[in-house]
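Participant:
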Amino acid sequence: LLTFRGSCPSTDCVTRAARRRDQRRQQARDKISALTGAQALHAGREAWHRRKTQRAHRTATHTCRSVRTARPNTQTTASAEEMAPGAAANPRAKPKGVHKAKNALHKRRREQRGLAKTSKKTAKNRARDVERRLRKLKANGGAAADVAESEKRLAALREEASGAADARKKVATEKRYAERYRKVKFFERQKVERRLKKLRKELAARPAADGPARVKALEDDLLYIKHYPRDRKYVSLFGARAGDDAATARRRTEAFVARVLVELRQCPFTASPAMAAVGLEAAGVESAPVVYAHSTTADVSRLLGDAWDAMARFLEGGEATASSILLTAPRFDDDFETWSRVVFPALEASVVAAGRSRELGLVCFHPRYETPDDAWLARHRFGHMYAPEKLRSWCEASDPDLAEGLSDADLLYFGSYMRRTPHATINVLWARQLEAAETR
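Just so we're aligned: 321 in the numbering used here is position 236 of the sequence shown, and the numbers increase by one with no gaps anywhere.
In structure tokens:
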């Protein structure tokens, strides 16, 4: 663009500069050749970027020097005033008007396809614009229709901005938890798949009566791992099964209460993992905290002792102190047969023998819970889920169309699912509150 006559170095200087440049390049090549693999590639890229930066710097320096020292002559093809600012410093800059033409073409294509206009402004910025316009309308006495329309538009944009912020926050949370629990989920999935494969092989060689139930439990564990909510802290299936971590067992039980009883509305009278018996004021029942207890034993008699210790404190405190107890016993997580056929019948007999059956109500929870058959429920109804016939009658009373589309197998599965907690759990409630809730 410009001539550098009178400002260029002499021939000797150019020769020395070229010699030094060749020496530096040879030194760089020797250094890179000593490296291997990714190190050499990285060093080569760094050297290339360094040379590119130096070349651009020299071009800009010589251009500025030439603009200051160049004299008018016939060989000058352009003056400093005619050059666009920054043209010499950035030789790859596009001519003026190219971006504008591309944007216009983009808009025309969207209009031809019937798409809405795009805007780089976020909903928050658009809401600010509308808010400023609304203030001007009110200050200048604008028409009532314009003010109402602006207010309506402002409310919609604020809601959109709030939703966008929540969505961004949820995506960020999902990414964080996905990275944190990726390995845990992978190892647990591998463990469950190996157990399932081994169990199916054993059942193929020697069928068992409880085989389908055990397979179904492992398949449910797989579904739990694969479809666990991505925006929540992952509650491991195997972490606290050893039995002594009361804090972990409580955290998992609280997560179950929040997810199933509160959010899925399986118990509309549980407001949070810390508060229950909410909404029963009309029946004379006041809300109260939920008490969490823990038992580390694998012996049935010791477990009954732990349960009665918790129930004794429960009775001493009264309804104002606690609304229910959730006692976890992780040592029984893999033995639903003993939990349902031994532990709860023994609890039922002890509560009746102590004369507390009209004060206390007990509910059975277990990771592998299955609603017992009608013959068992006829003799031991205490603490178990209702049979499908009873659930169907309630469903028909509230939603006949839904009841018509549900089979007995569906009702049996849904009823059992409501009772599947992370650990074997005894739920102690006040009998009066339980009756009021079932009446509602």
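Backbone N, C-alpha and C define an ideal beta-carbon position, used for all residues, glycine too.
Taking buried to mean at least 16 other C-beta atoms within 10 Å of its own C-beta, is F272 buried or exposed?
Facilitator: exposed
Participant: Which whole runs of the alpha helix (DSSP H) in the stretch 373-406 are 4 residues long or more, in chain order?
Facilitator: 385-402
Participant: For N210 and E216, what's the separation of their Cα atoms in angstroms?
Facilitator: The C-alpha of N210 lies about 10 Å from the C-alpha of E216.
Participant: Do you know how far the Cα of L288 is from the Cα of G296?
Facilitator: Rounded to whole angstroms, G296 and L288 show a C-alpha spacing of 7 Å.
Participant: For K509 and R299, what's the separation of their Cα atoms in angstroms?
Facilitator: Going by the sequence as given, residue 509 is Ala instead of Lys. About 16 Å.
Participant: Residue range of the alpha helix (DSSP H) that N210 falls in?
Facilitator: 208-224
Participant: Restricting to Cα atoms, I'd like to know which of R274, L389, A113 is closest to P430.
Facilitator: Put simply, of R274, L389, A113 the residue whose alpha carbon is nearest the alpha carbon of P430 is L389.
Participant: Would you kindly work out how many angstroms separate the C-alpha atoms of I310 and K255, rounded to a whole number?
Facilitator: Taking the straight line joining both Cα atoms gives about 20 Å.
Participant: By a C-beta neighbour count over all protein chains shown, 10 Å radius and 16 as the cutoff for buried, is F323 buried or exposed?
Facilitator: exposed
Participant: Just the C-alpha distance for G226 and A186, rounded to the nearest angstrom, thanks.
Facilitator: Their Cα atoms are separated by approximately 40 Å.
Participant: Cβ-heavy atom distance between K255 and the ligand GTP below 8 Å?
Facilitator: With respect to small molecules bound, the structure shown includes none, and the ligand GTP cannot be examined in it.
Participant: In chain order, which continuous runs of the alpha helix (DSSP H) of length 4 or greater are located wholly inside the stretch 417-451?
Facilitator: 429-438
Participant: Where does the unbroken alpha helix (DSSP H) through L497 begin, and where does it stop?
Facilitator: 493-502
Participant: Would you mind working out which of P457, R453, V320 sits nearest D418, comparing C-alpha positions?
Facilitator: Nearest to D418 by C-alpha distance, out of P457, R453, V320, is R453.
Participant: State the beta-bridge partners of L412 as determined by DSSP.
Facilitator: A378, I511
Participant: If you follow the alpha helix (DSSP H) that T258 is part of, which residue opens it and which one closes it?
Facilitator: Start and end: 229-290.
Participant: I'd like to check one pair, G446 with L346: are the Cβ atoms closer than 9 Å?
Facilitator: no
Participant: What distance in whole Å lies between the Cβ atoms of V232 and L219, which are believed to be in contact at a cut-off of 8 Å?
Facilitator: 7 Å
Participant: Whose C-alpha, out of C449, H134, A463, is nearest the C-alpha of V470?
Facilitator: This sequence places Met at residue 470; Val is not what is there. Distances from the alpha-carbon of M470 to those of C449, H134, A463 put C449 closest.
Participant: Three or more C-beta pairs under 8 Å: does that hold for the stretch 430-445 against the stretch 481-499?
Facilitator: No, the stretch 430-445 does not touch the stretch 481-499.
Participant: Output the distance between the C-alpha atoms of K475 and A230, rounded to the nearest integer angstrom.
Facilitator: C-alpha separation (whole angstroms): 57 Å.
Participant: Kindly list the residues whose CB is nearer than 8 Å to the CB of P314, restricted to its own chain and excluding five residues on each side of it in sequence; keep chain order.
Facilitator: R344
Participant: What's the gap between the Cα of E401 and the Cα of Q518?
Facilitator: 17 Å
Participant: Just mark T138 as buried or exposed, buried being the case when its beta carbon has 16 or more other beta carbons within 10 Å.
Facilitator: Here T138 is exposed. Its C-beta has fewer than 16 other C-beta atoms within 10 Å.
Participant: L411: buried (16+ other C-beta within 10 angstroms of its C-beta) or exposed?
Facilitator: buried
Participant: Helix, strand or coil for T355 per DSSP?
Facilitator: strand
Participant: Just to confirm, are S62 and V375 a CB contact at a threshold of 9 Å?
Facilitator: Not covered by the structure: residue 62. The range shown for the chain is 86 to 525.
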